[in-house]
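What follows is a short report on a single structure.
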Amino acid sequence: MAAPLPASEPLSRDLERRLIAGLRRVLPHGCLLTTEEERRPYECDGLSAYRRLPLAVAMPQTTEQVRRVLTTCQELGVPVVARGAGTGLSGGALPLENGVLLSLAKLSRILSIDPANRVAHVQPGVRNLAISEAAAPYGLYYAPDPSSQIACSIGGNVAENAGGVHCLKYGLTVHNVTGIKFITIDGDEIALGGESLDGPGYDLLALMTGSEGMLGVVVEVTVKLLPKPPCAQVVVAAFGDIVHAGEAVAAIIASGFIPAGLEMMDRLAIRAAEDYAHAGYPMGADALLLCELDGTREEVADGIARVREIMERCGATGVRVSQDEAERRKLWAGRKGAFPAVGRLAPDYYCMDGTIPRKHIAHVLAEINRLSAAYGLPVANVFHAGDGNLHPLILYDANKPGDLERTEELGGEILKLCIAVGGTITGEHGVGVEKIDQMCAQFKPEELAQYHAVKHAFDPRGLLNPGKAVPTLVRCAELGAMHVHDGRMKFPELERF
Amino acid sequence: MDADLSDALAQTVRAAASGEPLQIVGGGSKSFYGRAARGKPLPVAGHRGIVDHEPTELVITARAGTTLRDLEAALATHHQMLAFEPPHFGAEATLGGTIACGFSGPRRPYAGSARDFMLGARIINGKGEILSFGGRVMKNVAGYDVSRLMVGALGTLGVLLDISLKVLPRPTAELTLTFNLSAEQAIAKMNACAARPLPLSAACHLRDTLYIRVSGSEETVRAAHAQLGGDRRTDGEEFWRGLREHQLDFFKTDTPLWRLSVPPAAPLAPLSGEWLIDWGGTQRWLKSNARPTEVWEAAAASSGHATLFRGGDRAGEVFQPLPAALARLHANLKRAFDPAGVLNPGRYSTAW
Ligand SMILES: Cc1cc2nc3c(=O)[nH]c(=O)nc-3n(C[C@H](O)[C@H](O)[C@H](O)COP(=O)(O)OP(=O)(O)OC[C@H]3O[C@@H](n4cnc5c(N)ncnc54)[C@H](O)[C@@H]3O)c2cc1C
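So the sequence lines, in the order shown, correspond to chains A and B.
Anchor point for the first sequence: position 235 equals 226 in this note's numbering, and the numbering is continuous, going up by one each time.
Anchor point for the second sequence: position 121 equals 354 in this note's numbering, and the numbering is continuous, going up by one each time.
Written as C-alpha cells, this is what we have:
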C-alpha cells in the first residue's frame, strides 16, 4: 500500500496553456473542469488513502471527443488517466498532477439490446446494473455482478476484469464480454470481436481485459446476455468455527458441483452487515456461508440437497434456505452491503484482494486471525470463497499515528501468505498503484520487461496511466536493495508460478 | 516418458536468433492449420507430463507436449473434463498444439472456449527467456493477461511450456435430440432455445436435421427433454465426436473448408457451397470454392470473420485480413514477444 506514484514533473506554463486551449477546442462547454473546486471530487478513486489533484478533468460526450482528447494529449506529450465511476480499489484511476483525467461518465448510453443474438452494445460509462435492468424485459441479464454494481461502470469492469458473486458459475468479465471498441493514444479506433464468439487475429480482447487503462481507452462494450434462470434460492449456513466453514467451501467444490455463488463472512462482517442491512443473519455464528443455487426447479432442488448435506457434514450449526424472492434478496443485501457496513466500524478500512487455492482457505483465515491479533488491528473477512478470492478488510484509523503503517505491514504479511500457498496478490481489484511493489515479488525482471514490451506495443511513449499496474525494473531493484539493506528480503520464500 | 525439456528448448530458441528461424512442432496433428510452416523444426512433444492435477481444485497443469489423450484420461478417472471439448484431429494431438490453435469443440458456446479455461502458462519468448504468466488460481489480475493471449496465436508469440487449465466435473447425464428443420428454421430454433434457461451443451444443423444436446443431472436432462420434444438419438455420443473430429461425411472432401464465426442469429451468407452450422449458429463450416476475398467480404458483411480452415492455398493468407490499425498492433505485439522473428515465421500471416 505504501506505493504512491513517483512525484510528477509539473508542466511548463506554456505547455499547460496549450493543453487547456487544445482541450477547450475539442470539448463542448461544461465538459472541461479546470477550477480546483471542480477537480477536487476526482482526486481519488475507491482507494482514498491516495489523492492527487489532476491538472484538468475532460468529460467527453462522444467517442470522437474521446479520440480528440487523446490526440491532443499525445501531441503535447501529456499523460492521461481514464476513469469510469471511480469505485476501483487499487488506485488505478488515481490522477496525475501533470496529467489529464479522462472521465468516461458522460458516455453512458445503452446503444442497443439485441435479444436475437443475446448481446447488449453499451457505452463505457454505463453502470453495470443498468445493463441487466435494460435486458430484463427480454428475460435476459448480464451475469458478472460486482458488489459495487449499482455504481461501477462497464468500462471500469473491463479495465479491471471485475468479478462478482455469480462469477463462480458464470465467469468473470473476460468470459462475458464478446467485443470492445477502444481508442489508442494515437487516436486509432480499434474494434475487437462483436456479436460472434471470437474475433479475427490475436486474442487482444483478453489482453485488453484487466489492462487497467494502460493500453487504450474503451469506448464501447458488447456484453453477452444470458437467460434469467427461472429459479434461484440461497442457502445460508452458520458455523461455530471459521475453519469448518473453510472446509465446507473446499468440500463443495470438490464434490463435482458448482453453485452459482459461494460467499463467506466472518463474525465481524456478519455483525456489521446485520446492523446495516438487517438481513436476519444468525448473530452468534463465527462464520456464514451464503450459497446460491440457480437454474431449473430440478437443478435448484438437487443443488440445495447436495449443499445442505455437505454443510451439515462439515459442522454447520444451522442451515436456512430462502423460501421466496424477497427473503433471498434480503439475505444477499447483507452480503452486498458488507463493505460499507464494515466501513462503519472504524474510521478507515483497507480492502485486500489475494486469491488462493480453495483448499487453503481454512488455514489462511486462521493465520489472518492470528496476525490480526498480533498487530492489534481488527480484520473482517467477507469474500468470494468459491473462487478462493479473499477480501480481508483491515480496520484502522489514519489519524492515529502509526496505524496506517501497521496496516500496510499487516497487509503485506497477508499477501505474503497468499503467495506462499500458491496464490496471487490480486484476484479482481487490480494492481493500480496499491500493489505495484508486490508485483516485484510475484514476477521476475524478464516477466516485467515483457509486460513493458506489451505496453510499448500499444503506447510507445507511455502516456496512458503511467506508473500503474507494472513497476519499472528500477523500482523493483531499489526495493530489493532496500530490503536486502534492511537485512530482510520482502518475500524470500516466493514461488514463481 | 515424462520429461522437462524447458532449458534445452530455451537454449535452442536463443540460438535461433542468430541462425535459422524455428517451426514449432507438437504432435503434427494440426499442421494443416494456419499458413504453411517454414523454418527448422523445433520438436516439443518430448516436453510432456502432467505436472499437477488437483481434482478438488478443478485445476490441471501439464507440459505442452502431453497428449490430449493422456490428459483427458487422467481427468476422466476423476469424472472431470476439458469443458471446451477440444478436437484432437489425430491420436498424437498435444495440449500445446490445441492451445496454440485455440480450438474448441461443440460444447464451446455453452461452457466456454479454450481461452476461457486458461489460467496460466509458462512460455519461452522469442528471446529464449522462460516466463510465467497467470497462475493456478481461479482469479488473477496481476499483470496483463499474456497466457490468454497465447491461445490461438499459433506459437508466433511464444513456445508454450506448461499450461494450467480450469477443468469441470463431467455431467452425469447427456441426451441428444433431433428435429427435422431447414437451416433457416434451425438457426431460429437454436437461438430461441439459447434464450431460454435450458441445459444446452451443443447445437448443430446438418442436412435438414437439427441436433441438440442437453447435459446435467438425470432429472435436469429428463425435464429438458420434456420441454424440447424432438427425437431421442442413441448414437449421440458418436455424432458429436464425429462433428468435433471432423469425421462426419460432410468433412470428407477436397473442397476448401472455411470456418465462419458470425453472430448466432445471422442469416446464411450468400456464398456458394454446402453449410454445416455449429455452436448454436455462431460457428459455420462452409465447403466452397469461392475466392477467399469473396468469403472474407461476406463474413464481414455478416459482422463476423472467416478462416480458410483446411485445404485451398496455404501459401496465401488464411485468416480474415485485419484493418490497418489493428494489423499494426499485431505487428508491434509480435515484435514485443519475438523481436528477431524466430518463432513460426509466416505461420499466421504473410507479414510476420
Ligand atoms: C463497495 C465496493 C465493492 C466492490 N466490489 C467488487 C466486486 O465484488 N468485484 C470486483 O471485481 N470489484 C469490486 N469493487 C471494485 C470496483 O468496483 C471495480 O474494480 C470496478 O470494475 C471499477 O469500475 P469503475 O467504473 O469504478 O472504474 P474506475 O475506478 O473509475 O477505474 C478503474 C480502472 O479502470 C480504468 N478505466 C476505467 N474506465 C476505463 C475505460 N473506459 N477505458 C480504459 N480504462 C478505463 C481506470 O484507469 C482505472 O485503472 C468494489 C468496489 C467497492 C467500492
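For every residue, glycine included, the Cβ atom is placed at its ideal position computed from N, Cα and C.
Helix, strand or coil for D240 (chain B) per DSSP?
Here residue 240 (chain B) refers to the residue found at position 7 of the second sequence. If DSSP states are grouped into helix, strand and coil, D240 (chain B) belongs with the helices.
Quick check on this structure: which residue in A:L85, A:Q433 and A:I101 has the alpha carbon closest to the alpha carbon of C35 (chain A)?
Along the first sequence, read from residue 1 onward, the residue named residue 35 (chain A) stands at position 44. Here the closest residue by C-alpha is A:L85.
Just the Cα atoms here: how many angstroms apart are Y343 (chain B) and P319 (chain B)?
In the second sequence, counting from the first residue as 1, residue 343 (chain B) sits at position 110. In the second sequence, counting from the first residue as 1, residue 319 (chain B) sits at position 86. About 14 Å.
Along the chain, where does the beta strand (DSSP E) containing Y377 (chain B) start, and where does it finish?
In the second sequence, the residue the question calls residue 377 (chain B) occupies position 144. Per DSSP, Y377 (chain B) belongs to no beta strand (DSSP E) and is neither H nor E.
Name the residues in the segment 376 to 388 of chain B whose C-beta lies less than 8 Å from a C-beta of chain A; which are they?
G376, Y377, D378, V379, R381, L382, V384, G385 and A386
Strictly by DSSP, which residues pair up with A357 (chain A)?
The sequence position of residue 357 (chain A) within the first sequence is 366, counting from 1. Partner(s): none; A357 (chain A) has no beta bridge.
Assuming the contact rule is C-beta atoms closer than 8 Å, P250 (chain A) and G309 (chain A) should be a hit. Round their C-beta distance to whole Å, please.
Taking the first residue of the first sequence as position 1, residue 250 (chain A) is located at position 259. Taking the first residue of the first sequence as position 1, residue 309 (chain A) is located at position 318. Contact flag wrong, Cβ pair sits at about 19 Å.
Could you tell me if the beta carbon of N148 (chain A) falls within a distance shorter than 6 Å of some heavy atom in ligand 1?
In the first sequence, counting from the first residue as 1, residue 148 (chain A) sits at position 157. Yes, since a heavy atom of ligand 1 falls inside the 6 Å radius drawn around the Cβ of N148 (chain A).
Comparing C-alpha positions only, which one of B:G463, B:M383, B:T467 and B:N565 sits nearest to A419 (chain B)?
To locate residue 419 (chain B), count along the second sequence from 1; it is residue 186. The shortest Cα separation from A419 (chain B) among B:G463, B:M383, B:T467 and B:N565 belongs to B:G463.
With a cut-off of 8 Å on the beta carbons, I'd call L93 (chain A) and V72 (chain A) a contact; round off their distance for me.
By one-based count along the first sequence, residue 93 (chain A) stands at place 102. By one-based count along the first sequence, residue 72 (chain A) stands at place 81. Confirmed, Cβ separation roughly 7 Å.
Following a CB-centred definition, is V168 (chain A) positioned closer than 6 Å to any heavy atom of ligand 1?
On the first sequence, residue 168 (chain A) is found 177 positions in, with the first residue counted as 1. False, no ligand heavy atom lies under 6 Å from that Cβ.
Give the residues of chain A in contact with G537 (chain B), contact being defined as C-beta atoms less than 7 Å apart.
Numbered from its first residue, the second sequence carries residue 537 (chain B) at position 304. Result: S187.
Using alpha carbons as the reference points, say which of B:D303, B:R429 and B:L555 lies closest to T287 (chain A).
Counting from one through the first sequence, the residue named residue 287 (chain A) turns up at place 296. Ranking the options by Cα distance to T287 (chain A), first place goes to B:R429.
Which of the three DSSP states is assigned to Y581 (chain B) in this structure?
Here residue 581 (chain B) refers to the residue found at position 348 of the second sequence. It is coil, neither helix nor strand.
From G282 (chain B) to E290 (chain B), what distance separates their C-alpha atoms?
Numbered from 1 along the second sequence, position 49 holds the residue referred to as residue 282 (chain B). Numbered from 1 along the second sequence, position 57 holds the residue referred to as residue 290 (chain B). If I take the Cα positions, the gap works out to 19 Å.
What residue does the beta strand (DSSP E) around Q256 (chain B) start on, and which one ends it?
Along the second sequence, one-based indexing puts residue 256 (chain B) at 23. First-last of the beta strand (DSSP E) with Q256 (chain B): L255 to V258.
Using a Cβ-Cβ cutoff of less than 7 Å, which residues in the same chain neighbour R532 (chain A) once the five nearest sequence positions on both sides are dropped?
This structure leaves residue 532 (chain A) out entirely; chain A is present only between -8 and 488.
So L102 (chain A) and G116 (chain A) are in contact, right, with Cβ under 8 Å, and what is the actual spacing, rounded?
The count along the first sequence starts at 1 and reaches residue 102 (chain A) at position 111. The count along the first sequence starts at 1 and reaches residue 116 (chain A) at position 125. In fact, because the Cβ distance is near 12 Å, the residues do not count as touching under 8 Å.
Using 10 angstroms around the beta-carbon of N390 (chain A), count the other beta-carbons present and answer buried if the total reaches 16, otherwise exposed.
Here residue 390 (chain A) is taken as the residue at index 399 of the first sequence, counted from 1. By the neighbour-count rule (16 or more Cβ atoms within 10 Å), N390 (chain A) is not buried but exposed.
Check whether the Cβ of D179 (chain A) lies closer than 6 Å to any heavy atom of ligand 1, and answer yes or no.
Within the first sequence, the letter at position 188 stands for residue 179 (chain A). No, the Cβ of D179 (chain A) stays beyond 6 Å of every heavy atom of ligand 1.
Under a CB-based cut-off of 7 Å, is A243 (chain B) close to chain A?
What you label residue 243 (chain B) is simply residue 10 of the second sequence in a count that begins at 1. Nearest CB-CB separation between A243 (chain B) and chain A: not below the 7 Å threshold.
Beta carbon of T308 (chain A): closer than 6 Å to some heavy atom of ligand 1?
Numbered from 1 along the first sequence, position 317 holds the residue referred to as residue 308 (chain A). Result no, Cβ not under 6 Å from ligand 1.
Between the alpha carbons of R271 (chain B) and G418 (chain A), how many angstroms are there, rounded?
Locating residue 271 (chain B) in the second sequence gives position 38, counting from the first residue. Locating residue 418 (chain A) in the first sequence gives position 427, counting from the first residue. Distance between the alpha carbons of R271 (chain B) and G418 (chain A): 40 Å.
Which of the three DSSP states, helix, strand or coil, is assigned to H269 (chain A)?
Your numbering for residue 269 (chain A) matches position 278 in the first sequence. Here H269 (chain A) sits in coil by DSSP.
Note down, in chain order, all residues in the segment 432 to 448 of chain A with a beta-carbon under 7 Å from any beta-carbon belonging to chain B.
Residues passing the 7 Å Cβ filter: Q433, F434, E437, E438, Q441, Y442, A444, V445, H447 and A448.
Is the shortest distance between the beta-carbon of Y193 (chain A) and the beta-carbons of chain B less than 7 Å?
The count along the first sequence starts at 1 and reaches residue 193 (chain A) at position 202. By this cut-off, Y193 (chain A) is an interface position.
Output needed in chain order: residues of the segment 360 to 377 of chain B with a Cβ under 9 Å from some Cβ in chain A.
K360, E362, I363, L364, S365, F366, G367, G368, R369, V370, M371, K372, N373, V374, A375, G376 and Y377
From the DSSP output, which residues share a beta bridge with M256 (chain A)?
The sequence position of residue 256 (chain A) within the first sequence is 265, counting from 1. Paired residue(s): A:L279 and A:V373.
Name, in chain order, the residues that DSSP records as bridge partners for K494 (chain A).
Here chain A covers residues -8 to 488 and nothing more, so residue 494 (chain A) does not appear.
Hey, would you say the C-beta of V118 (chain A) is under 6 Å away from at least one heavy atom of ligand 1?
By 1-based counting over the first sequence, the position of residue 118 (chain A) is 127. Note that residue 118 (chain A) is Arg in the sequence shown, not Val. Checking the Cβ of R118 (chain A) against ligand 1 gives no.
Pick out whichever of B:T300, B:A457 and B:G252 has its Cα sitting closest to the Cα of D235 (chain B).
Numbered from its first residue, the second sequence carries residue 235 (chain B) at position 2. Considering only alpha carbons, the answer is B:T300.
Which partner residues does F588 (chain B) have in the DSSP bridge list?
In this structure chain B extends from 234 to 585, so residue 588 (chain B) is not present and cannot be described.
Under 9 Å between beta-carbons, which chain B residues line up against A493 (chain A)? List them in chain order, please.
Coverage of chain A is limited to positions -8 through 488, which leaves residue 493 (chain A) absent and any answer about it impossible.
Listed from N- to C-terminal order along the chain, which residues in the segment 526 to 559 of chain B have their beta-carbon within a distance smaller than 7 Å of any beta-carbon of chain A?
Interface annotation for the segment 526 to 559 of chain B against chain A: S536, G537, H538, F552, Q553, L555, A558 and L559, criterion Cβ-Cβ distance under 7 Å.
Would you mind reading off the limits of the alpha helix (DSSP H) that contains A573 (chain B)?
Taking the first residue of the second sequence as position 1, residue 573 (chain B) is located at position 340. From DSSP, A573 (chain B) is part of no alpha helix (DSSP H); its letter is neither H nor E.
With hydrogens ignored, establish whether the beta-carbon of C143 (chain A) is closer than 6 Å to any heavy atom of ligand 1.
Here the question's residue 143 (chain A) lines up with position 152 in the first sequence. It does: the Cβ of C143 (chain A) is within 6 Å (strictly closer) of some heavy atom of ligand 1.
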